[in-house]
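Chains as they are written, first to last, in our numbering: chain A, 1 to 452; chain B, 453 to 904.
So, in structure tokens, the structure goes:
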């Protein structure tokens with residue numbers, strides 16, 4: 001079998017298929033409405049960033065069972081033959097509303113709403129969460145790095161310790177949305193048009209008998225992008241070699257753009273290296289740092305006045321290491337025209353077709369959100385917009401540049417407190433009177449039916 | 453572009469390609485030796501489990517640039533034409549030694565060694581780390597769940613919050629290696645032959661007007677696997693409905709295998725539900741629990757005597773949430789017949805072709821490991837074995853059953869202290885005299901050359 005994790009419809013939880021068999025047996029194909037949302041913000045995040053919609057729409061547009069997948073279903077012996085025949089014709093024909101990527105959001109606010117025949121809306125749950133959760137996670141971490149170092153060049157370096165191939169690729173996308181300059185991950189260039197950055201590894205230095213030789217040869221091989229890694233043996237000695245080498249390279253028209261430091265006390269090394277470079281006349285040669293960085297470390301380095309102009313942020317970004325997952329869910333809100341919700345302890349949800357309305361204060365900053373019903377009209381700007389109808393996108397994919405601008409605009413409207421790295425009192429949406437009433441109605445409906 | 457993250461050779465860091473251009477320009481194609489290892493064990497792990505080798509070998513066997521990838525390299529303007537022509541013919545022709553999957557290992561011990569022409573050994577770094585790191589991470593977390601609940605049925609439920617598609621798939625494999633009974637992730641069945649498990653979501657209950665109806669219909673649709681989710685509205689009320697329904701199902705020959713609880717105080721609910729089921733004569737109906745579980749929670753529940761026979765362990769497993777990454781590296785140890793190492797602060801590495809020798813005490817338990825040179829002969833069993841020669845596997849892929857057995861055998865030989873969940877004094881390998889001498893020789897070599 002050669003089914004790809006990225007594209008196989010079997011990348012789902014088995015219960016989706018067993019439930020679908022149940023729905024099929026009972027002819028339950030009425031319209032269902034599901035919401036994807038985050039139940040609670042983690043303490044270390046004052047807001048979250050919508051991301052991953054593009055990949056979800058792509059998934060929905062291409063959803064189908066291949067012959068190989070149908071054969072697996074047959075061979076498994078778990079499903080009826082007529083159900084498998086029905087699976088063969090299954091496509092996603094529903095509607096999607098969503099927060100545009102780059103929109104800032106808070107707990108309980110739907111990021112995406114699916115309106116579709118119940119089996120379709122159910123089947124897509126696992127992969128839809130898988131796609132949205134991860135990109136929201138990384139974009140929401142990356143934007144904190146951006147806020148901590150607003151003027152620095154930030155590059156995603158996380159591929160190697162990202163959790164698998166797709167994580168490495170989508171983390172690059174999420175970081176770019178959040179304002180990173182680019183990524184080390186080459187595939188992000190052909191796939192997303194994201195700028196890629198890269199220099200050399202310690203092994204390049206070590207493979208040469210002489211560090212200076214390695215510098216010179218690398219510079220000649222990559223004359224437009226000479227960033228020299230100087231900490232393989234002794235950081236300051238490495239900097240002095242760069243000073244010694246630079247005039248010879250200059251004669252060949254090759255400037256040393258930057259040096260890179262990847263170990264030790266980055267601030268202390270950067271200060272000493274800056275002195276060495278300046279004393280050697282290399283005022284235009286920048287310092288790029290990497291190694292165990294995150295938003296807290298970036299802030300610490302910049303507050304310490306470290307003369308570092310660019311940072312490679314890797315593992316802690318791509319794994320969102322301080323918050324490696326979000327408490328998110330995809331929940332039924334309506335079926336066959338009736339509101340639905342679960343009331344499980346600590347996990348109760350809001351029913352109905354909802355909208356998020358955002359209000360701004362007189363200074364133009366975000367003041368409050370209201371979680372209401374789509375057909376209510378509380379004050380504020382509605383944030384969820386239609387993006388797919390009858391299984392087809394309503395517009396071509398947005399450019400990443402447009403998404404970056406949206407997030408930058410959203411950030412500018414955020415209260416200062418929420419833009420800080422320290423935990424702030426999170427904004428939590430008000431719940432409209434109409435939505436509260438609908439929740440009570442939904443509870444009466446189930447209670448009555450369940451006690452019958 | 454439709455390049456797949458899982459299979460594209462461009463899923464790599466740009467610096468691999470810029471270094472390769474440098475090596476190509478200089479004709480540096482001598483044999484290089486690289487080791488993959490973990491620098492330090494995290495405090496929350498007393499040992500790690502080798503996993504992911506199978507995916508690495510597959511990656512190496514299939515390594516090549518497609519026309520589309522070569523075209524990207526050309527269009528990027530970053531590389532010379534003759535270098536790109538050379539890339540077109542590039543294959544992996546090297547040797548690999550590795551710890552067999554399921555082997556327990558400790559800090560500084562090579563998990564895998566690549567011996568190949570320098571450009572090949574360099575190019576594979578990013579993806580090789582990406583593959584090994586994640587499966588080691590999850591297998592090492594999953595085995596702790598197994599140790600915390602040795603007699604329970606454990607099922608991986610983590611797909612939705614795993615970091616992307618491949619993470620969801622490979623986490624299922626890593627958990628199975630560690631002794632889980634299976635996964636909810638359907639794709640793990642056709643891809644790896646792993647048993648899949650699944651029941652129903654709350655939405656199935658909510659889509660019905662009556663909870664009892666939903667139970668009855670699900671049971672008829674999946675008569676061999678009736679596990680009913682009882683916490684959508686009220687857990688104990690749900691259990692009473694199961695008791696009421698069971699005799700009717702029994703008449704149709706359908707047993708209620710288990711009920712599932714996914715919210716609230718799982719131990720307290722499980723006790724009350726057990727009483728309700730027992731009072732209703734459903735002694736053979738088990739209780740399955742899920743929701744925010746990990747090894748600590750499993751131990752707490754079982755120590756509290758919760759009558760739960762099976763657990764779905766999801767998010768915290770697939771993200772290894774308490775330790776979302778390992779401090780691992782892939783480092784040059786030899787080039788052109790000479791030992792190499794970096795001496796960067798806090799990141800110094802051991803040179804040469806190394807072997808891990810494991811000694812056992814008189815009771816047969818692991819006593820100590822020695823990190824030595826391959827051609828040394830310290831006491832102990834050598835753990836690294838050849839698995840690939842000249843780019844070809846030396847044996848067909850191992851069965852997951854064999855890997856599970858190896859890990860179980862390894863666990864049985866581990867000192868009790870290391871098998872506990874609490875942080876223990878980690879075993880750290882002794883370093884042989886030969887290896888220490890080689891490190892000194894490597895340092896002299898570089899120092900001399902670098903000061904010339």
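Beta carbons are placed, not taken as given, at the ideal position from N, Cα and C, and that holds for glycine.
- Between residue 508 of chain B and residue 584 of chain B a beta carbon distance of about 6 Å is seen, short of the 8 Å cut, so the two are scored as contacting.
- Residue 23 of chain A: member of the alpha helix (DSSP H) spanning 14-26, first to last residue.
- Per DSSP, the continuous alpha helix (DSSP H) segment holding residue 699 of chain B begins and ends at 687-703.
- Between residue 639 of chain B and residue 3 of chain A the beta-carbon gap is near 6 Å, inside 8 Å, which marks them as a contact.
- Within the same chain, 36, 328 and 330 come within 7 Å of residue 129 of chain A by CB-CB distance, once the 5 residues on both sides are set aside.
- In this structure, residue 548 of chain B lies near residue 564 of chain B, with their beta-carbon atoms less than 8 Å apart.
- Under the three-state reduction of DSSP output, residue 483 of chain B falls in the strand class.
- Residues of chain A with a Cβ closer than 9 Å to the Cβ of residue 581 of chain B are, in chain order, 159, 160 and 161.
- Listed as beta-bridge partners of residue 157 of chain A by DSSP are no residues whatsoever.
- Spanning the alpha carbons of residue 124 of chain A and residue 92 of chain A requires a straight line of approximately 9 Å.
- The beta carbon of residue 724 of chain B sits closer than 6 Å to those of 688, all from its chain and outside the five residues before and after it, given in chain order.
- Residue 628 of chain B does not reach chain A, its nearest Cβ partner there being about 15 Å away, counting only Cβ pairs nearer than 9 Å.
- For residue 767 of chain B, the enclosing alpha helix (DSSP H) has its first and last residue at 767-770.
- In this structure, the beta-carbon distance from residue 775 of chain B to residue 597 of chain B does not fall below 8 Å.
- Residue-level contact by beta carbon fails for residue 552 of chain B and chain A, as no gap is shorter than 8 Å.
- Fully enclosed alpha helix (DSSP H) runs of no fewer than 4 residues occupy 295-303 and 315-318 of the stretch 295-376 of chain A, in order along the chain.
- Separation of residue 631 of chain B and residue 505 of chain B (C-alpha to C-alpha, rounded to the nearest whole angstrom) is 18 Å.
- Per DSSP, residue 78 of chain A lies in no alpha helix (DSSP H) segment and is marked neither H nor E.
- Within chain B, the residues placing a beta-carbon under 9 Å from that of residue 262 of chain A are 796 and 799, ordered along the chain.
- Annotation for residue 590 of chain B: the continuous alpha helix (DSSP H) segment containing it runs 577-600.
- Residues of chain A with a Cβ closer than 8 Å to the Cβ of residue 654 of chain B are, in chain order, 331, 332, 342 and 344.
- Contact note: residue 484 of chain B reaches chain A through 203 and 207, using a C-beta cutoff of 8 Å and chain order.
- Looking at B:645, B:684 and B:649, the one whose alpha-carbon comes closest to that of residue 661 of chain B is B:684.
- Counting only runs of 4+ residues, the alpha helix (DSSP H) found wholly inside the stretch 60-107 of chain A occupies 67-76 and 81-88, in chain order.
- Residues 339 of the same chain have their beta carbon placed closer than 7 Å to that of residue 441 of chain A, with the five preceding and five following residues left out of the count.
- Taking 8 Å as the cut-off, the beta carbon of residue 353 of chain A is found no closer than this to the beta carbon of residue 366 of chain A.
- In the assembly as shown, residue 394 of chain A is an exposed residue. Its beta-carbon has fewer than 16 other beta-carbons within 10 Å.
- Residue contact check for residue 38 of chain A against chain B: no CB pair falls below 8 Å.
- Residue contact check for residue 22 of chain A against chain B: a CB pair falls below 8 Å.
- Taking a Cβ-Cβ cut-off of 9 Å, the neighbours of residue 6 of chain A in chain B comprise 456, 457, 458, 616, 617 and 618, given in sequence order.
- Per DSSP, residue 43 of chain A lies in no alpha helix (DSSP H) segment and is marked neither H nor E.
- Residue 671 of chain B and residue 706 of chain B have their C-alpha atoms some 7 Å from each other.
- Contact between residue 715 of chain B and residue 743 of chain B holds, with the beta-carbon distance rounding to 6 Å and staying under 8 Å.
- Below the 7 Å Cβ cutoff, chain A contributes 325 as neighbours of residue 767 of chain B, in chain order.
- Nearest to residue 872 of chain B by C-alpha distance, out of B:828, B:616 and B:499, is B:499.
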